[in-house]
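Heads up, the thing below is written out as structure tokens.
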Amino acid sequence: MQINDTIIEVIRGSVLDQGVEAIVNAANTAMRGGGGVDGAIHRAAGRGLMEELIRVAPHGAKTGTAVITGGHNLKQKHVLHTPGPVWNGGNSGEPEKLASCYRSCLDLADANHLTSLAFCSISTGIYGYPLAQAAPLAVRTVADWLRAHPDTSLSRIVFAMYQENEYQVFTEALNALRQ
Ligand code: AR6
């Protein structure tokens with residue numbers, strides 16, 4: 002799918018394998034690593050990533066915001082670290098917080114003149130956000146942001162889905178956006 006000059010696509014695979022300038026890390030508010038994709042990114046990036054996070058986010062970061070670092074030993078130049086909401090039944094502001102994660106990453110990518118970005122599915126793993134609700138919100142938020150930023154530096158946005166069911170649900174959500 003294309004919005005203005007930006008291509009959006011859903012791909013089956015890890016963010017770590019994507020040929021993009023920056024990848025999104027589904028982090029936590031402490032910003033000191035963790036399990037899931039966060040653990041995989043830190044293992045692949047090496048200890049320089051943790052050292053940078055301690056410098057740039059000495060007190061962590063709030064849910065729904067994002068922090069940019071270098072990619073260190075990753076093949077991507079940058080990592081956008083965003084703490085998603087923990088699913089708590091859906092009445093604790095989870096949708097607005099999740100949308101804010103996607104928007105914060107896009108704002109930061111644009112401010113740093115990045116041309117390509119790969120998202121994972123924020124909050125739908127360890128944090129338990131239901132995939133069927135998260136996927137439409139994710140693709141709609143990105144599409145709305147692109148429509149509001151026709152001059153963005155971003156020419157390609159990938160949703161890199163690590164699990165088959167994530168790939169399917171995000172593909173359906175992106176297709177639904179076209180109609
Ligand atoms: N490689 C690539 N992608 C992965 C991997 C991996 N090894 N593992 C999971 N994903 P999750 P969350 C995908 O659980 O729900 C951490 O401990 C997964 O399929 O990593 O936001 C953090 O430090 C999904 O698409 O993150 C936080 O404490 C996406 O990564 C907490 O988990 C996000 O799933 C955040 O939980």
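In terms of the numbering used here, the sequence shown has 120 at position 119, counting the first letter as 1, and numbering is strictly consecutive. Backbone N, C-alpha and C fix where the C-beta goes; we use that ideal spot for every residue, glycine too.
- Nearest CA to the CA of residue 52: which residue from 165, 71, 67, 122? Closest by C-alpha distance to residue 52, out of 165, 71, 67, 122, is 71.
- Straight-line gap, residue 128 to residue 34 (C-alpha atoms, nearest Å): Residue 128 and residue 34 have their alpha carbons spaced roughly 14 Å apart.
- Item | Three-way DSSP call (helix, strand, coil) for residue 52 in this model | For residue 52, the three-state secondary structure derived from DSSP is helix.
- Quick one: complete alpha helix (DSSP H) runs, 4+ long, within the stretch 89 to 156? Within the stretch 89 to 156, the alpha helix (DSSP H) runs of at least 4 residues that lie entirely inside it are, in chain order, 95 to 112, 132 to 149.
- Message: Is the separation between the beta-carbon of residue 32 and that of residue 14 shorter than 8 Å?
- Response: No; because the gap between Cβ atoms is not below 8 Å, this pair is not in contact.
- Message: Judging by CA-CA distance, which residue of 150, 134, 125 is the nearest neighbour of residue 109?
- Response: Nearest Cα to residue 109 within the set 150, 134, 125: 150.
- Check whether the Cβ atoms of residue 84 and residue 28 sit closer than 8 Å, and answer yes or no. Taking 8 Å as the Cβ cut-off, residue 84 and residue 28 qualify as a contacting pair.
- Alpha carbon of residue 86 to alpha carbon of residue 130, nearest angstrom: Rounded to whole angstroms, residue 86 to residue 130 spans 8 Å at the Cα level.
- Beta-carbon proximity list for residue 57, same chain, < 7 Å, skipping 5 on both sides: Closer than 7 Å at Cβ, skipping near neighbours: 68, 70.
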